[in-house]
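One structure is given here, and the rest of the page talks about it.
Numbering (my numbering), first residue to last: 125 to 461.
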């Protein structure tokens, strides 16, 4: 596990050479001349290249809000630039106003000025939603660090299902959030999971099947030809009489991806209430195993490893989260003769 804390670093514009340190304030101010090499681009495209610490969507919002001037005038995102305009930006970072902060015990694995890594317990919802406006990870993060109100989704870059445990990375600044979202889109954030499946696998493999919303059950996902690309790699760690423990690597991050892909193969996750079907007990199972299987009330899935590049230091960082006690107990019961 890499536990080194990254040193706070300024963000340097690779085109203009101008350095801009992440600010705790909700305001961002920039003054510079657009490089000649950006001539012919739309303004929002040119600004995204000149200020890579911000997303193009955020820059478009600032342009439309009148926070950006070009040679003293208010432009449109689609205006074409000639490459020598004077740019001035005085923008307010949007605050999260509708999500309340809530003090809770968060297991912080690692932190610095830019990132947090959280080991999320099973049962904790990540984002507020219908029926879950409180007691979510986002509520807890806003209490842990009120400055996260200035970061989209309180810094949450990716998510885990409510009943999946394990590692999540949180961006503590808007600049870090933009950089991590770009890494995620480029498949440069590596996530490994431990999963316990029903059925005995003969070998590992890869599932390359698109995933989309189920046609009739709208709360579920399904493998379907018109879905979004989804790739899951898995390898066998341990076989039991009627179950298999596997390690899973994601190339993509579709909703319920691991659960859907393994169920599609005929090896649903133990305890999965949506994709697992009827709970199956091995023939001749001893009393301890029956108790563990019937008492396991969540999908047996844990985000065990996380690896990424620090958005400001450029260092490769990696973390591991031990298998939680409920999954350890179930594995031991399966191994017992």
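In this text, a Cβ means the ideal position worked out from N, Cα and C, and glycines have one as well.
Quantities reported herein were computed from a predicted structural model and do not represent experimental measurements.
Give the DSSP-derived three-state secondary structure of residue 145 in the structure shown. Per-residue confidence for residue 145 stands at a pLDDT of 38, beneath the threshold of 50, marking its modelled position as unreliable; no derived number is given.
7 Å Cβ cutoff met for residue 159 and residue 300: no
For chain B, find out if any of its Cβ atoms is closer than 7 Å to the Cβ of residue 421; answer yes or no. The chain labelled as chain B is not found in the depicted structure, where only one protein chain is given.
When 287, 444, 323, 361 are compared against residue 401, the one with the closest alpha-carbon: 323
Proximity of residue 291 and residue 445 at Cβ, strictly below 7 Å: yes
Between the Cα of residue 429 and the Cα atoms of 411, 372, 412, which residue gives the shortest distance? 372
Hey, how far is the Cα of residue 170 from the Cα of residue 394? 50 Å
Tell me the DSSP secondary structure of residue 210 in three-state form. strand
Go ahead and pull the three-state DSSP assignment for residue 368. strand
Residue interval of the beta strand (DSSP E) (run including residue 362): 355-363
Given residue 385 as reference, the closest of 351, 412, 403, 417 once Cα atoms are compared: 351
Less than 7 Å separating the beta-carbons of residue 345 and residue 379? yes
Let me know if residue 330 comes out buried or exposed under the rule of 16 or more other beta-carbons within 10 Å of its beta-carbon. exposed
Would the stretch 282-297 and the stretch 415-432 be scored as touching if the rule is three or more Cβ pairs under 8 Å? yes
Are there 16 or more other CB atoms within 10 angstroms of the CB of residue 135, so buried, or fewer, so exposed? Here the model assigns residue 135 a pLDDT of 33, short of 50, so the residue's position is not dependable, and the following value carries that caveat. By the neighbour-count rule (16 or more Cβ atoms within 10 Å), residue 135 is buried.
Pick from 238, 183, 248, 311: whose alpha carbon is nearest that of residue 202? 183
When DSSP builds the beta bridges, which residues end up paired with residue 314? 431
Quick one: grab the DSSP three-state call for residue 175. coil
Skipping 5 residues on each side, what residues in its chain have a beta carbon closer than 8 Å to that of residue 294? 239, 240, 241, 242, 265, 272, 278, 279, 280, 281
What residues match up with residue 204 in a beta bridge as DSSP calls it? 166
Which of helix, strand or coil does DSSP assign to residue 248? coil
Just to confirm my understanding: we take residue 303, look at its own chain, exclude 5 residues before and 5 after, and list those with CB closer than 6 Å. What are they? 435
7 Å CB neighbourhood of residue 337 in its chain, flanking five on each side removed: 345
Cβ shell of residue 387 (< 6 Å), same chain only, five flanking positions each side left out: 399
Kindly indicate which three-state DSSP category residue 408 falls into: helix, strand or coil? coil
Whose C-beta lies closer than 8 Å to the C-beta of residue 263 among residues of the same chain, with five residues either side of it excluded? 223, 224, 225, 226, 228, 252
Rounded C-beta distance between residue 267 and residue 205? I'm assuming under 8 Å. The pair is not a contact, with the Cβ atoms about 43 Å apart (cut-off 8 Å).
Under 8 Å by Cβ, that's how I've got residue 375 and residue 355 pegged, so tell me the actual separation to the nearest angstrom. 4 Å
Using only the alpha-carbon positions, how far apart do residue 441 and residue 311 sit? 15 Å
Would you say residue 305 and residue 283 are within 7 Å of each other, going by their C-beta atoms? no
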